[in-house]
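Shown next, in structure tokens, is the structure this report addresses.
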Amino acid sequence: MKLCYIISGDLWAGVEVMCYRLLIGLLNYNNLELSVILLNEGKLAEEIRKLKIPVYVVDETRLNFFQIVRNFRNIIIEISPDIIHSHRLKENILAYLSIKSETRWVQLLSTQHGMQEPLICKYKAIKQYVLTKYNYYIIVKYFKYIIAVSEDIRKNIIQMYSIPNDKVFVIHNGTYIESEIELSLEREKNSFVIGSAGGLFPIKDYPFMVEIAREVLNQANQVRFELAGEGPEMENIHRLICAYKIEKSFILRGFIDKMETFYQGLDLYINTSLHEGLPMSVIEAMAHGIPVIAPNTGGLVEILNNGSQGYLIEGRNPKIFAEKCLKLIRDKDLYQKMGIASRDKIQNEFSMYKMAENYHNLYLNVFEHNSNK
């Protein structure tokens, strides 16, 4: 069974990390012949090549749209896949256009990683609306299945785009769990570190994290906040940190190549997103034995049990978030209990091998069903 992935590859963020973990898990199945088409060179391309999986890069920064489609079609003809699995809107459209004139059978699958973020710019918002409508039109009509990374996303896209229930599956993201990882709660440290990681985009609302930090730092000593990631909100976040005069206690780490080191330096993970699918950053933090505080939105409820691995908080009051942070800073027994529960939750339900098994079963179902036609 030949399986081809289509991924942008311009970043090394949640979607890219999830795809990379999934590919590692799928290498355990001898009945799969894997290949990947990327739209950009970068860390994802480098890491996949290390896995000895064929990687084709169609550089979107150097080609126009028609050249990209033509190159995609040529690659698809060359590798002749049975299944194409695309990720995100642009990749879905390219997957469809790449096989539009093909006479041989190729099945299309798409993973929906999150809901589309609203845009302030009117022109961009109109363009996004048109592309989103077209994306779901071709998915409903030409794709075999949509995979949602959370039940919340599944319900939303079924309702918003009138997609048949039996066309959308839920497969949770997963991560690698190292048995030798030293849990944060077992380390001796001079300060308590609260961190977060992700693209610095409005949907993540990291200025809200600064508001929380301000409340915590007013009531606790030897606490430090760290934020890893890049994006257009960097300047706004830095400006707010300076306005509150907490530069020494709130560090912007920028892009970090080896996130394991970042997670190993944290004691508590905080998510401030306005909406989430099933964030890899939260899953990876919990895999390191780190409790999580997050808003009760999107798929976060599918990862966290409130009061067990951390806290899910209603509303967006920074004082309430800060209270939960302070509770875990001061109550070592509760902190230790939640850290262990976080690690156990990921190990039992969100490993990358469990994710790969679920995807592999779906691929087999698609392949065998159409082979018997």
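The numbering used here puts the last residue of the sequence shown at 397; the count rises by one with no breaks. Backbone N, C-alpha and C fix where the C-beta goes; we use that ideal spot for every residue, glycine too. Nothing here was measured: the structure is a model prediction, and the numbers come from that model.
Look at the segment 79-148 and you find these whole runs of beta strand (DSSP E), each 3 residues long or longer: 79-81, 107-111, 131-136.
Bounds of the alpha helix (DSSP H) holding Y230 are 230-241. The alpha-carbon of K26 is positioned some 14 Å away from that of Y383. Runs of the beta strand (DSSP E) lying entirely within the segment 284-324 and spanning at least 3 residues, in chain order: 292-294, 316-319. Take the alpha-carbon of D355 and the one of N372: they are about 26 Å apart.
Going by DSSP, S366 is part of the alpha helix (DSSP H) stretching over 356-373. D281 counts as exposed, since fewer than 16 other C-beta atoms from the protein chains shown sit within 10 angstroms of its C-beta. C-alpha of L118 to C-alpha of I294: approximately 35 Å in a straight line.
Judged by DSSP secondary structure, A172 falls outside any alpha helix (DSSP H) and instead within the beta strand (DSSP E) spanning 169-172.
Each residue's CA atom was taken as its position, placing I236 and E347 some 9 Å apart. A contact is defined here as three or more CB-CB pairs under 8 Å, and the segment 359-376 meets this definition with respect to the segment 309-320.
DSSP places F345 in the helix class (H, G or I) of the three-state scheme.
E115 is the residue among L58, E115, Y161, Y200 whose C-alpha sits nearest the C-alpha of F89. Short of 6 Å from the beta carbon of Y80, and not among the five residues preceding or following it, lie these beta carbons of its own chain, in chain order: I61, I99. Put simply, of E239, L75, G198, A172 the residue whose alpha carbon is nearest the alpha carbon of R112 is A172.
Per the Cβ contact rule, the segment 260-272 is in contact with the segment 225-241 (3 or more Cβ pairs under 8 Å). Apart from sequence neighbours up to five positions away, the residues of its chain that approach E71 with a beta-carbon distance below 6 Å are Y44, ordered along the chain. Short of 7 Å from the beta carbon of E239, and not among the five residues preceding or following it, lie these beta carbons of its own chain, in chain order: P342, K343, A346.
Assigned with DSSP and collapsed to three states, I72 falls in helix. Taking a contact as a CB-CB distance under 8 Å, the pair G138 and I177 counts as one, their CB atoms being some 7 Å apart. Contact between G223 and G255 holds: their C-beta atoms lie close to 5 Å from each other, under 8 Å. Per DSSP, reduced to three states, the secondary structure at A267 is helical.
The C-beta separation of E338 from G323 comes to about 16 Å, leaving the pair out of contact by the 8 Å criterion. Closest in C-alpha terms to I261, from the list A69, F225, E175, Y287, comes F225. Counting along the chain, G334 sits inside no alpha helix (DSSP H); it lies in the beta strand (DSSP E) bounded by residues 334-337. In this chain, the alpha helix (DSSP H) harbouring R178 covers 175-185. Bounds of the alpha helix (DSSP H) holding R45 are 38-50.
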